[in-house]
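Colleague: Supplied in structure tokens, the structure appears directly below.
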Amino acid sequence: MHVRKILGFTGIRSDYELMSSIYMKLNEANDFEIKLIVSGAHLSETYGYTINDIIKDKIPVIAKIENLIDSNSRASRIKSLAILLQDCIHTVVEYNPDVIVYAGDREEVAVGGLIGTYLRIPTIHFFGGDHAVDGHIDNSVRHAVSKLSSLHFVSNEESKQRLLKMGEDEKRIFNLGSPSLDKFNSTKKISKRKILNILDKPNWNNYAVMMFYPFPGEEDKVGKYFEEILMALEKKSINTFVSYPNTDSGNKKIIQIIEKYCDNDNFKFYKNKSRDIFINLLRNSLFMIGNSSAGLYESAILKLGAINVGNRERGRLCAENVIFSDQGVDNIVKAIELVSTEQFKALLTNVKSPYGDGNSVDKIISLMRSLDFKAYIAKTEDPLLN
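Each residue of the sequence shown is one higher than the last, beginning at 4 in our numbering.
This is the structure in structure tokens:
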């Protein structure tokens with residue numbers, strides 16, 4: 004039996020959680036071998052040293068590359084990308100995988116796409132074709148990597164159509180839904196009371212979950228924007244679990260606000276939670292708030308209200324459970340009041356996710372077994388002829 008070697012790139016908890024269900028299924032299979040190049044925030048204590056999640060899942064790590072420049076500048080991301088590219092090439096050459104896989108739109112994805120292209124190794128890009136009108140650099144990176152990639156495993160029909168418009172051949176594109184949703188069906192339920200006890204907030208009754216990240220061009224305002232959400236939540240007396248930011252420039256200003264509010268009993272700040280705790284934290288919450296893509300991707304399958312504050316993620320495909328709010332305490336308060344109405348809660352009962360039903364992983368593995376990856380390396384198609 005021929006064992007096909009799969010190499011994955013991951014640099015942060017968010018992209019790992021998009022793919023973890025696939026990695027675990029591949030690791031269980033006799034006809035696949037999965038190894039990961041782990042880098043970036045996974046190896047940083049500042050962001051929770053989330054390589055521990057990968058170790059807990061027993062996914063083999065072929066290389067740990069400390070490339071993250073923990074800075075507040077725009078230049079730090081591209082410098083971090085350059086270090087990763089330089090330091091992982093020989094690992095890829097030596098391992099010689101049958102296919103490279105990566106998800107989304109961050110630095111590791113660009114590195115995977117470039118290396119696959121130059122070394123003539125087939126690549127699979129997950130979540131290509133997604134689009135937001137927010138002007139975020141991740142949008143451009145996502146589309147650029149799609150042009151570098153051999154195959155596209157997209158999460159919705161709109162993204163498939165967008166890739167076709169970009170000149171990608173239909174035979175390369177497969178709409179399989181989002182594999183990140185499968186864990187919501189498979190993870191054992193934990194009661195709200197038990198979750199609150201585990202997270203050391205036994206006196207809370209109800210709570211929201213907040214995830215807010217920096218946005219390019221707003222680095223000088225991101226601390227103010229982050230604090231406005233906290234102020235609105237406090238004004239409405241809503242206890243909230245609040246995540247630390249990602250590695251994007253401007254994150255230090257958010258951390259400064261976290262330090263300012265760290266003794267505020269209305270909030271509980273965290274760097275990382277295990278998958279079962281985090282999923283049940285969301286399951287039992289009143290709503291999500293912030294600007295994380297999780298609010299768009301994952302809230303609908305939980306039939307959970309989500310408030311997206313500010314410019315990040317604007318225009319991205321979502322269900323009717325997502326409300327977009329402008330910055331400003333008063334605007335955010337109005338959005339909180341809207342998701343708290345009985346009418347809105349009634350709407351949630353019929354919400355369906357545009358990203359699938361949480362049964363994508365088996366379809367993806369089955370397709371990977373059937374594909375001749377090498378047949379997709381050469382991209383000869385001319386967009387003018389499509």
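Think of the CB as a built atom: it goes at the ideal place given N, C-alpha and C, for glycine as much as any other residue.
1) Excluding the five sequence neighbours on either side, which residues of its own chain have a C-beta within less than 6 Å of the C-beta of GLU237, listed in chain order?
2) Cutting at 7 Å between CB atoms, please list the residues of its own chain near TYR379, excluding the five before and the five after it.
3) For GLN164 and LEU233, I'd like the C-alpha separation in whole angstroms.
4) Put MET4 into one of helix, strand or coil per three-state DSSP.
5) Tell me SER246's beta-bridge partners as DSSP assigns them.
6) Within the same chain, show all residues whose beta-carbon is closer than 8 Å to that of PRO217, passing over the 5 residues directly before and after it, in chain order.
7) Enumerate in chain order the residues of its own chain whose CB-to-CB distance from ASN391 is below 6 Å, with the five nearest sequence positions on each side excluded.
8) Nearest to PRO63 by CA position, among ALA85, ILE54 and GLU69, is which residue?
9) Which residues bound the beta strand (DSSP E) around VAL41?
10) What's the C-alpha gap between GLU222 and LEU387?
11) Quick one: grab the DSSP three-state call for MET371.
12) Looking only at its chain, what residues have a beta carbon closer than 8 Å to the beta carbon of LEU179, apart from the 5 residues adjacent to it on each side?
13) Ignore the nearest five residues each way along the sequence and tell me which others in ARG16's own chain have a CB closer than 8 Å to its CB.
14) If you measure between the beta carbons of VAL136 and GLY318, is that distance less than 8 Å?
15) Taking Cβ positions, are GLU111 and ASP18 nearer each other than 8 Å?
16) Less than 8 Å between the beta carbons of LEU166 and GLY132, yes or no?
17) Considering only their Cβ atoms, is the gap separating TYR26 from GLY14 smaller than 8 Å?
18) Take SER277 as the anchor and find which of PHE347, ILE9, SER23 and LYS8 has the nearest alpha-carbon.
19) For a quick check, are the C-beta atoms of VAL102 and HIS128 less than 8 Å apart?
20) Closest to ALA106 by CA distance: which of LEU21, THR243 and ASN267 is it?
21) For ALA309, report the span of its beta strand (DSSP E) as first-last.
22) From which residue to which residue does the beta strand (DSSP E) around MET291 run?
23) So what does DSSP say about THR190, is it helix, strand or coil?
24) What does a CB cutoff of less than 7 Å around ALA322 pick up in its chain, not counting 5 residues either side in sequence?
25) Hey, out of LYS59, ALA32, LYS67 and ASN334, whose CA is closest to LEU39's CA?
Modeller: Looking at the atomic coordinates:
1) Non-local beta-carbon contacts of GLU237 in its own chain, meaning distances under 6 Å to residues more than five positions away in sequence, involve ASN269 in chain order.
2) So the qualifying residues of the chain are PRO125, SER153, LEU154 and ARG175.
3) Rounded to the nearest angstrom, the two C-alpha atoms are 38 Å apart.
4) Residue state for MET4 is assigned as coil, using DSSP reduced to three classes.
5) Note: SER246 sits in a beta bridge opposite TYR273.
6) Leaving aside the five residues that flank PRO217 on each side, the residues in its chain whose CB is nearer than 8 Å to its CB run, in chain order, VAL225, PRO248, ASN249, ASP251, SER252, GLY253, ASN254, LYS256 and ILE257.
7) Residue coverage of the chain in this structure runs from 4 to 389, which leaves residue 391 outside it and unanswerable.
8) When the alpha-carbon of PRO63 is set against those of ALA85, ILE54 and GLU69, the nearest one is in ILE54.
9) That run of the beta strand (DSSP E) goes 35-42.
10) Spanning the two alpha carbons is a distance of roughly 40 Å.
11) Secondary structure at MET371: helix, using DSSP grouped into helix, strand and coil.
12) Sequence-distant Cβ neighbours of LEU179 in its own chain, meaning closer than 8 Å and more than five residues away, are PHE156, VAL157, SER158, GLY359, SER363, LYS366, ILE367 and LEU370.
13) So the list reads ALA44, HIS45, TYR50, GLY51, THR53, ASP56 and ASN275, once near-sequence residues are dropped.
14) In contact: VAL136 and GLY318 (Cβ atoms closer than 8 Å).
15) Closer than 8 Å, so yes.
16) A contact, by the Cβ cut-off of 8 Å.
17) Taking the C-beta atoms as reference points, TYR26 is found no nearer than 8 Å to GLY14.
18) With distances taken between Cα atoms, SER277 lies closest to SER23.
19) Not in contact: VAL102 and HIS128 (Cβ atoms no closer than 8 Å).
20) Residue LEU21 is the option with its Cα nearest to ALA106.
21) Counting along the chain, the beta strand (DSSP E) containing ALA309 begins and ends at 308-312.
22) Segment 290-293, the beta strand (DSSP E) holding MET291.
23) In the structure shown, THR190 sits in coil (DSSP, three-state: anything other than H, G, I, E or B).
24) Within its own chain, the residues whose Cβ lies closer than 7 Å to the Cβ of ALA322, once the five positions on either side in sequence are excluded, are ALA303, VAL354, LYS355, SER356 and PRO357, listed in chain order.
25) Minimum Cα distance to LEU39 is reached at LYS67.
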